[in-house]
Amino acid sequence: MGNDILFSEAVSPVHVQQDAAAGQMHFWGNGLYQYCEKDMKLMLHILMNISFALRDSARNILKSLISSFGIIVLISFLVMYIPFRDSVKNYIETSLFGKLAINEIKIYPRSAQQNNIFTPSSSIRGQIPFAHVRAIKGIKEIDKTYSIIKLDFKTKVHGEMLGQSRAPFLPICGVSREFFKGKLRNWNGFRTGKTVPVVAPKMILELMNNYFILNGLPRMSENDLRGFPLDLRVFIPAPDGEERMHEIKAHLFGFSDVFAFPAVLVPRDVVTSFAARHRYAAGRLKQGYQHIMLYANIKDVRKLPEVAQKLRKMGLVFESQHDVAEKTNRALSVIDDFSFVVIGILLIITVISIFNSYLNIVYTRSHKFSLKRIIGVSKVRIIMGFVVEAAFIGAMYGMIGYYAGKWMLDYAAKKLPVWVPALSNIAIHSEREGLFLMALVFSMLISAVSALIPAVFASNMNLFKAVRK
Amino acid sequence: MLVVENVSMSFGERDILKNVNMTIGEKTITVITGKSGTGKTTLLGIMSGLLKPDSGRVLFRGKNIFRWLDFMRSRYRNKKIGFIFQFFNLLPDMTAYQNIIYPAIINPFSKNIRGEADFLVNYLGISHIKNNYPTTLSGGELQRVAVARSIINRPEVVLADEPTGNLDDATADQIISLFSEIKEKYGISFVIVTHEKKFLSVADVHYHLTDGQFVRMDNARGGAVKKEEKEKAVPVVRKKSPGKKAPVRNAVKKTEKKAVPAKKKSPVKAKPVPAKKGKAKK
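Chains A and B, in that order, give the protein sequences.
Following the working numbering, the numbering of the first sequence begins with 1 at its first residue and continues without gaps.
Following the working numbering, the numbering of the second sequence begins with 1001 at its first residue and continues without gaps.
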């Protein structure tokens, strides 16, 4: 084309030196230029592109920052909601419904089945006939069974603490030591010595702590209460119609989330031997104890439907890990429904706000975009410019939202027992693996997607089409 | 180099361009005149690939630009085409210098951007205002900046839409001579849409757009219009060269052949057109 001179004369660094001497800085790469070697020029070119893109973004950033503010609220809420949900889920599973292993089922009489999802399904009602217990043990798909037997007398558990004496009615149940294997620390020590070891459900510890907090007393941990002396009081009906109280010395062995019904567990032999001694006390008892629940391990989980069928024939119901999870989810659905409504509203407001702001940017700067298109900026580049800018702002606000949410959650975790003592047992942990990344990605995604349609509008700006209109 | 072939375009029920044919040769200045609203700017939009015609095609070096993907057309606009507008259309939030280098910045294959920009700034005599923003510049300065921006990427064609429409006579003369100088020195072709008769003094080819159709005016340098051809470009070519080669290619050669002897004639010696004969006599 004969224009080599035009573009080769200019290679001379004279102009650059003149610029530098005049102290004229056009953009921040200027000072570097004169020292650039050939292979540095590509880098410089990229830096110049970035510099121009940043200049463009810097002019829009105020509008975008204001419009994207909703992301902070949204992400904060999410960061609070997710760990809170986990904590509540954990609380419900362990304290209300009890934990089960994958191959474990809990069998109880149909009369114990509850409709209310917030009450323990296995409250002590009814009994499993002895014949059924034997039959269950005979089912070939079942490996081991642990029967929970209840002393069939009126019982109280007495304890004294902080100068106060309490003796609530609580069923005394027996279970073999092996039941706690792998589920309770020092399970092997669960045997009768000088005093009887007592395992209480975790629910009781929480009830106690609620009581302490309401009375301005400090919370007690499991370790604080281990070894605490108790009296197990059993009232035996006498022939004269009166009741004689038998007191068994006991100590608190620990708390367990394996069972979640209001009772205390003692070694099985304590119940059976006591029942054997007093079974005819009233002249009406045959055994002196009842089978109220059975924990069974299934050999092969895939055989569960067959076991279920056999149990149903006996008029019994059972609960597996799947059932517990289902019940937990049903309970959590109340929280989820509320949270999803809030998240949905926040999301809509945020998206509309970002969308509107970017649309405004597009229309106020339509001339600029159409000019860029004429100069040779591709549609993809215009769209990318918008989307990257929006994603950057989203990431920034996502981070702010994350830390704001985390701070609020930590604050709530501290203050919740004071504000709502009944919820003091919900242990809220703001630390959750992957939450930061999730918050970051989610906020970037919301922001970028909201800006996408305005970006497409911007990329379609055309000076010639405007003239045509 | 750039061929517009049977291009038609209508806005609603109004036909703006009807089977327009045009060829832009290398190192030529093509002037397009016509009344307002006859589709001159639309034609530039079509040639740049920003407007898609209802029918017809635009070939750049034999390739239909409307078959390219958007990013290829963008690259074509960036590398092969330069734009100059009546209202300059500089980016207001950038300095003159930044406006000049912007097309080079977005071209991933640009080399020595600053060197080229510095040279252009000196060459066009705008080094003293290169750090000024467009709002502080005069019309002539703005247009020089726009010229620098249009040629920084070494385009093959510059499309100019009323480049002197917003300038005073003296500045307009400078811009016209600048176009001619750039064409001669650097081999860049110009397509100039204008009402300015002065451009005819530097034009190699002159088309007049009327009723959506091109009428090719055979003008000699110096501004005198010698002959008016009522025939459209392509039908004429088809009649004259029905050989193996594409009619459009032949049209280019034909145009160039006609243009060369025209250059030799001085404006004074040029024969006036019949229409103007009467005026001359008067």
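Even glycine gets a Cβ: it sits at the ideal position worked out from N, Cα and C.
Note that the structure is predicted; figures quoted are calculated from it, not measured.
Residue from the options whose Cα sits closest to the Cα of residue i
i                  : options                                       : result
PRO262 of chain A  : A:PRO454, A:VAL317 and A:ILE148               : A:ILE148
ILE1113 of chain B : B:ASN1099, B:VAL1003 and B:ILE1176            : B:ASN1099
LEU988 of chain B  : B:SER1110, B:ALA1096 and B:ASN1166            : Only positions 1001 to 1282 of chain B appear in the structure, and residue 988 of chain B is not among them; the question remains open.
ILE1192 of chain B : B:LYS1198, B:ILE1101 and B:GLU1162            : B:GLU1162
GLU160 of chain A  : A:PHE180, A:TYR91, A:GLY189 and A:ALA250      : A:ALA250
LYS106 of chain A  : A:ILE136, A:ASP86, A:SER87 and A:ARG85        : A:ILE136
HIS158 of chain A  : A:VAL175, A:PRO218, A:PRO229 and A:THR145     : A:PRO229
PRO1092 of chain B : B:ALA1160, B:ASN1131, B:VAL1007 and B:PHE1109 : B:ASN1131
PHE274 of chain A  : A:HIS246, A:GLY241 and A:SER221               : A:HIS246
VAL418 of chain A  : A:ASN210, A:TYR397 and A:LEU294               : A:ASN210
ILE72 of chain A   : A:PHE464, A:MET461 and A:ALA439               : A:ALA439
ASN1122 of chain B : B:ASP1173, B:HIS1195 and B:ILE1152            : B:ILE1152
LEU162 of chain A  : A:PHE340, A:PRO129 and A:LEU225               : A:LEU225
GLY227 of chain A  : A:ILE82, A:GLU206, A:ALA260 and A:ASN186      : A:ASN186
PHE1214 of chain B : B:PHE1085, B:SER1048 and B:THR1023            : B:THR1023
PHE130 of chain A  : A:PHE52, A:VAL441, A:PHE442 and A:MET314      : A:MET314
VAL1202 of chain B : B:GLU1013, B:ILE1016, B:MET1001 and B:THR1030 : B:THR1030
TYR358 of chain A  : A:LYS406, A:ARG279, A:ASP337 and A:SER459     : A:SER459
GLN321 of chain A  : A:ASP337, A:VAL334, A:TYR402 and A:ALA296     : A:ALA296
ASN1107 of chain B : B:ARG1073, B:ILE1084, B:THR1038 and B:THR1164 : B:ARG1073
LYS406 of chain A  : A:PHE392, A:GLU431 and A:ARG279               : A:GLU431
LYS411 of chain A  : A:PHE84, A:ARG110, A:ILE349 and A:TYR146      : What sits at residue 411 of chain A in the sequence shown is Tyr, not Lys. Checked all of A:PHE84, A:ARG110, A:ILE349 and A:TYR146; the closest Cα to TYR411 of chain A is A:PHE84.
Assumed close pair residue i, residue j - CB separation to whole angstroms, cut-off 8 Å
i                  : j                  : result
GLU1156 of chain B : LYS1080 of chain B : 5 Å
ILE1032 of chain B : LEU1209 of chain B : 6 Å
LEU1137 of chain B : ARG373 of chain A  : About 24 Å separates the two Cβ atoms, so there is no contact after all.
PHE255 of chain A  : PRO201 of chain A  : 7 Å
GLU141 of chain A  : ASP323 of chain A  : That belief does not hold up - the Cβ atoms of GLU141 of chain A and ASP323 of chain A are roughly 17 Å apart, past 8 Å.
SER64 of chain A   : GLU389 of chain A  : 7 Å
ARG268 of chain A  : SER339 of chain A  : Not quite, the Cβ-Cβ distance comes to about 44 Å (not below 8 Å), so this is no contact.
PHE190 of chain A  : VAL199 of chain A  : 7 Å
GLY1045 of chain B : VAL1158 of chain B : No, GLY1045 of chain B and VAL1158 of chain B are not in contact; Cβ-Cβ is about 15 Å, not under 8 Å.
ASN49 of chain A   : ILE1182 of chain B : Contact doesn't hold; Cβ gap of about 27 Å is too wide.
Element boundaries [alpha helix (DSSP H), containing residue i]
i                  : result
SER68 of chain A   : Unbroken run through SER68 of chain A: none, as it is neither H nor E.
GLN1098 of chain B : 1096-1105
ILE375 of chain A  : 366-375
MET444 of chain A  : 435-459
TYR108 of chain A  : Per DSSP, TYR108 of chain A belongs to no alpha helix (DSSP H); it is in the beta strand (DSSP E), 104-109.
GLU474 of chain A  : Coverage of chain A is limited to positions 1 through 469, which leaves residue 474 of chain A absent and any answer about it impossible.
ASP1168 of chain B : Per DSSP, ASP1168 of chain B belongs to no alpha helix (DSSP H) and is neither H nor E.
SER273 of chain A  : 268-278
SER1285 of chain B : Absent from the structure is residue 1285 of chain B, since the part of chain B shown begins at 1001 and ends at 1282.
ALA1117 of chain B : 1113-1123
ARG1075 of chain B : 1070-1079
ASP224 of chain A  : 222-225
ASN1019 of chain B : Segment 1014-1024 is the beta strand (DSSP E) holding ASN1019 of chain B; no alpha helix (DSSP H) there.
ILE213 of chain A  : 202-214
Residue i (DSSP reduced to helix, strand or coil)
i                  : result
LYS154 of chain A  : strand
GLN127 of chain A  : coil
ASN297 of chain A  : strand
HIS429 of chain A  : coil
TYR289 of chain A  : strand
ASP1093 of chain B : coil
LYS1000 of chain B : One cannot answer for residue 1000 of chain B here, as it falls past the ends of chain B, which runs 1001 to 1282.
SER1177 of chain B : helix
ASN1006 of chain B : strand
LEU161 of chain A  : Residue 161 of chain A is actually Met in this sequence, not Leu. It is a strand residue.
TYR146 of chain A  : strand
ASN1132 of chain B : coil
ASN116 of chain A  : Annotation note: pLDDT 41 at ASN116 of chain A (below 50); position unreliable, coordinate value reported separately. In this structure, ASN116 of chain A counts as coil in the three-state DSSP scheme.
Bounding residues of the beta strand (DSSP E) (the contiguous stretch that carries residue i)
i                  : result
SER1048 of chain B : Note, SER1048 of chain B: premise wrong, no beta strand (DSSP E); alpha helix (DSSP H) at 1040-1048.
ALA250 of chain A  : 243-256
PHE235 of chain A  : 229-237
GLN309 of chain A  : No beta strand (DSSP E) contains GLN309 of chain A, which is instead part of the alpha helix (DSSP H) from 304-313.
ILE172 of chain A  : 172-175
SER1189 of chain B : 1189-1193
ALA1160 of chain B : 1157-1161
Does the pairing of the region 382-402 of chain A with the region 433-453 of chain A give three or more beta-carbon distances under 8 Å?
As far as the Cβ criterion goes, the region 382-402 of chain A touches the region 433-453 of chain A, which means the pair count is three or higher.
Three-pair Cβ contact test at 8 Å for the region 198-215 of chain A versus the region 323-335 of chain A
The region 198-215 of chain A is not in contact with the region 323-335 of chain A.
At least 3 beta-carbon pairs within less than 8 Å: the region 356-364 of chain A vs the region 454-461 of chain A
yes
Does the pairing of the region 1012-1022 of chain B with the region 1168-1179 of chain B give three or more beta-carbon distances under 8 Å?
no
Three or more C-beta pairs under 8 Å: does that hold for the region 1062-1082 of chain B against the region 336-355 of chain A?
no
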